[in-house]
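Chemist: So the sequence shown is numbered by full-length UniProt numbering: it starts at 1 and just counts up by one.
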Amino acid sequence: MLITDDFLPVPVPETLTATYLVPTSGQSGPLPAEVVAGLGGRISGPVHDLARQMLSSPLMSVDTRPISEFPHLPPDLLSAFGATDAQLARLAAATDLVVVQASYRPGWPPAHEWAARTVAAALAERLDADVVDVFALQFLDPATALRSLPDGEGRVRLIDWVLVPYSSDDSGLWFTTKGLRRFGLLELQAQGVPTHLTRAWGAVMTGVARRLLRAWTDGLTDNEVPAFVPLPVITSVTGHDIAVAYGNPQQHDSTRPAALRLELDPATDPDADSFLTLLPPAGHPGPAGRYFAAVCAALFGAAQSDVRYARPDDAMAKAITTARDGLPGIRERFLAGKLPEGVQLLVKYALPTDEGPEYVWAGVTSWAAPERILGASASDAAADPAVRVGRPVVVDVVDVVDWAVLDGSGVVEGGWTQAVLDAGDRSQR
Numbered sequence: 001m002l003i004t005d006d007f008l009p010v011p012v013p014e015t016l017t018a019t020y021l022v023p024t025s026g027q028s029g030p031l032p033a034e035v036v037a038g039l040g041g042r043i044s045g046p047v048h049d050l051a052r053q054m055l056s057s058p059l060m061s062v063d064t065r066p067i068s069e070f071p072h073l074p075p076d077l078l079s080a081f082g083a084t085d086a087q088l089a090r091l092a093a094a095t096d097l098v099v100v101q102a103s104y105r106p107g108w109p110p111a112h113e114w115a116a117r118t119v120a121a122a123l124a125e126r127l128d129a130d131v132v133d134v135f136a137l138q139f140l141d142p143a144t145a146l147r148s149l150p151d152g153e154g155r156v157r158l159i160d161w162v163l164v165p166y167s168s169d170d171s172g173l174w175f176t177t178k179g180l181r182r183f184g185l186l187e188l189q190a191q192g193v194p195t196h197l198t199r200a201w202g203a204v205m206t207g208v209a210r211r212l213l214r215a216w217t218d219g220l221t222d223n224e225v226p227a228f229v230p231l232p233v234i235t236s237v238t239g240h241d242i243a244v245a246y247g248n249p250q251q252h253d254s255t256r257p258a259a260l261r262l263e264l265d266p267a268t269d270p271d272a273d274s275f276l277t278l279l280p281p282a283g284h285p286g287p288a289g290r291y292f293a294a295v296c297a298a299l300f301g302a303a304q305s306d307v308r309y310a311r312p313d314d315a316m317a318k319a320i321t322t323a324r325d326g327l328p329g330i331r332e333r334f335l336a337g338k339l340p341e342g343v344q345l346l347v348k349y350a351l352p353t354d355e356g357p358e359y360v361w362a363g364v365t366s367w368a369a370p371e372r373i374l375g376a377s378a379s380d381a382a383a384d385p386a387v388r389v390g391r392p393v394v395v396d397v398v399d400v401v402d403w404a405v406l407d408g409s410g411v412v413e414g415g416w417t418q419a420v421l422d423a424g425d426r427s428q429r
């Protein structure tokens with residue numbers, strides 16, 4: 001394609017490498033080919049075949065090394081990306097690391113990532129151990145790692161492969177992605193995002209990442225790896241892009257596309273990362289944050305919430321404690337499929353606002369990691385334009401204050417905080 005001012009020439013690396021670790025303590029490791037073969041029908045046939053082919057080729061290596069020979073894994077960064085105290089303790093006690101590495105050319109499918117994660121998860125499951133994704137500095141339990149692999153139609157949830165961390169400064173929030181480099185693409189960044197758009201802008205970044213990743217891999221279909229791939233300077237994102245990235249392709253959103261401008265921000269330090277920066281279209285008046293707020297409003301709307309705010313009285317505190325105490329048990333029943341047929345599990349969680357926390361409900365769709373729940377919002381939030389009925393949400397378990405099991409007639413279990421609120425309403429009549 002001819003490069004013009006409408007496109008950015010983004011350089012393409014010659015090869016990509018995925019590295020996964022399995023911390024162990026002196027166990028004799030099983031044969032990688034044996035444990036991968038044992039996965040059987042638990043992963044899709046194409047991924048199963050890919051992992052076995054990579055294992056038998058020089059493109060993949062599986063070695064066990066003393067942990068002292070491997071660069072130190074910083075606990076603070078691991079914690080920042082979701083590591084639990086138990087996972088960090090197992091890592092600190094480990095004497096060895098099983099190192100799974102695979103290399104492949106940029107393009108789709110990313111064979112190095114699919115195959116290396118498959119092998120590492122299979123080994124960790126057999127050893128009753130964890131998986132550490134070195135790229136993301138993130139712990140994965142084996143079951144979660146296996147569920148993140150492509151289904152029979154080659155589909156993945158991008159949120160299982162690309163994170164969106166952020167930090168704050170005087171100008172607002174600085175968002176980046178962490179995961180696009182797995183596929184050879186530069187990471188995205190946006191600066192000056194208003195603080196009240198934390199969740200909404202994280203969803204926007206994820207949707208843009210999905211849109212650009214498609215354009216990137218479409219440019220890598222030739223047999224030879226090109227020197228660069230031209231990406232459009234003006235990119236767009238829709239609600240459907242966001243829904244697909246969160247694993248809800250059936251949610252066809254009717255929102256109009258929102259436009260954002262890409263600018264290449266090359267690093268001056270050879271050890272630092274280069275970025276693709278998201279900006280308002282050229283000529284947009286005012287600060288970038290104002291445009292970012294308009295993008296979120298266009299994509300998520302501005303519906304008002306009828307959710308009530310919980311009162312911090314003794315009855316409510318007791319209700320929250322009762323609900324929290326029951327979280328491990330209801331999660332276990334949800335994962336084991338032991339809830340009655342035809343019911344839905346919902347959780348109630350806190351969204352921070354300037355006036356105090358706002359509490360909203362979400363239907364649980366996945367609870368693989370104990371500390372994180374994936375779901376679909378069951379109510380609109382007044383404080384957060386990204387939280388709208390039916391849209392995907394990611395809930396930190398520490399923010400959960402209640403849960404409920406519902407059937408067609410209403411709550412059949414749980415809902416303690418709602419009972420307190422309803423009792424308060426009755427007492428005021």
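Just so you know, even glycine gets a beta-carbon here, dropped at the ideal spot from N, CA and C.
1. Let me know the beta strand (DSSP E) ranges lying completely inside the segment 183 to 242, each 3 residues or longer, listed in chain order.
2. Have a look at Ala-404 and Thr-221 and give me their C-alpha separation to the nearest angstrom.
3. Which same chain residues, not among the five before or five after Pro-75, have their C-beta less than 6 Å away from its C-beta?
4. Can you give the Cα-Cα distance for Gln-191 and Val-22, rounded to whole angstroms?
5. Taking 9 Å as the threshold (C-beta atoms), are Ser-377 and Gly-356 in contact?
6. Arg-324 to Val-394, Cα distance in whole Å?
7. Whether or not the segment 100 to 111 and the segment 70 to 84 are in contact is what I'm after, with contact meaning three or more pairs of Cβ atoms, one per stretch, closer than 8 Å; do they touch?
8. Alpha carbon to alpha carbon, what distance is there between Arg-157 and Val-387?
9. Would you kindly work out how many angstroms separate the C-alpha atoms of Leu-185 and Val-98, rounded to a whole number?
10. To the nearest angstrom, report how far apart Leu-335 and Leu-39 are at their CA atoms.
11. Can you tell me the Cα-Cα spacing of Trp-361 and Asp-141, whole angstroms?
12. Counting pairs of Cβ atoms below 8 Å between the segment 42 to 61 and the segment 106 to 124, do you hit three or more?
13. Just to confirm, is the Cβ distance from Asp-384 to Thr-235 under 9 Å?
14. Pull the bridge partners of Met-54 from the DSSP assignment, please.
15. Count the other CB atoms, across all protein chains shown, that sit within 10 Å of the CB of Asn-223; report buried if there are 16 or more and exposed otherwise.
16. Relative to the C-alpha of Leu-31, which residue among Asp-6, Gly-45, Glu-125 is closest?
17. For Ala-310, does the count of other Cβ atoms within 10 angstroms reach 16, so buried, or fall short, so exposed?
18. Buried or exposed: where does Ser-148 fall if 16 or more other Cβ atoms within 10 Å of its Cβ makes it buried?
19. Around the C-beta of Arg-65, are 16 or more other C-beta atoms found within 10 angstroms, so that it is buried, or is it exposed?
20. Kindly indicate which three-state DSSP category Pro-392 falls into: helix, strand or coil?
21. In angstroms, rounded to a whole number, what distance separates the CA positions of Arg-182 and Trp-161?
22. Closest to residue 472 by C-alpha separation, out of Glu-153, Asp-271, Val-343, Thr-95, would be which residue?
23. Which partner residues of Asp-265 appear in the DSSP bridge assignment?
24. Is the beta carbon of Ala-33 closer than 9 Å to that of Ser-56?
25. Beta carbon of Ala-382, beta carbon of Glu-358: below 9 Å?
26. Could you give the distance in angstroms between the alpha-carbon of Ser-168 and the alpha-carbon of Trp-174?
27. Quick check on DSSP: helix, strand or coil for Thr-19?
28. Which complete alpha helix (DSSP H) runs does the segment 101 to 171 hold, if anything under 4 residues is left out?
29. Which residue comes first and which comes last in the alpha helix (DSSP H) that contains Asp-85?
30. Less than 6 Å between C-beta atoms, sequence neighbours within five positions excluded: which residues of the same chain meet that for Asn-248?
31. Check the Cβ-Cβ distances between Thr-95 and every residue of chain B, and say whether any is below 9 Å.
32. Could you check the C-alpha separation between Gly-152 and Ser-44 for me, to the nearest Å?
33. Using the three-state DSSP reduction, which class does Arg-308 fall into: helix, strand or coil?
34. For Ala-209, which of Ala-51, Thr-277, Leu-339 has the nearest alpha-carbon?
Modeler: Looking at the atomic coordinates:
1. 187 to 193, 228 to 232, 234 to 237
2. Approximately 48 Å between the Cα atoms of the pair.
3. Leu-88
4. 36 Å
5. With respect to the 9 Å criterion, Gly-356 and Ser-377 are not classified as neighbours on the basis of their beta carbons.
6. 18 Å
7. Because the criterion of three Cβ pairs below 8 Å is not met, the segment 70 to 84 and the segment 100 to 111 do not touch.
8. 19 Å
9. In a straight line, the C-alpha of Leu-185 is about 28 Å away from that of Val-98.
10. 19 Å
11. 27 Å
12. yes
13. no
14. Bridge partners of Met-54: none, in fact.
15. exposed
16. When each option's Cα is compared against that of Leu-31, the closest is Glu-125.
17. Its pLDDT being 39, under 50, Ala-310 is placed unreliably in this model, and the coordinates cannot settle the point.
18. Classification of Ser-148: buried, given that the 10 Å Cβ count is 16 or more.
19. exposed
20. strand
21. 8 Å
22. The requested residue 472 is not part of the displayed model; the chain covers only 1 to 429.
23. Phe-275
24. Taking 9 Å as the Cβ cut-off, Ser-56 and Ala-33 qualify as a contacting pair.
25. Yes, Cβ-Cβ distance for Ala-382 and Glu-358 is below 9 Å.
26. Trp-174 has its alpha-carbon roughly 6 Å from the corresponding atom of Ser-168.
27. strand
28. 111 to 127, 142 to 147
29. Counting along the chain, the alpha helix (DSSP H) containing Asp-85 begins and ends at 85 to 93.
30. Pro-392
31. Checking the listed chains, one finds no chain B in this structure; it contains a single protein chain.
32. 5 Å
33. Confidence in Arg-308 is poor, its pLDDT being 39 and thus under 50, which makes the residue's placement too unreliable to answer from.
34. Thr-277
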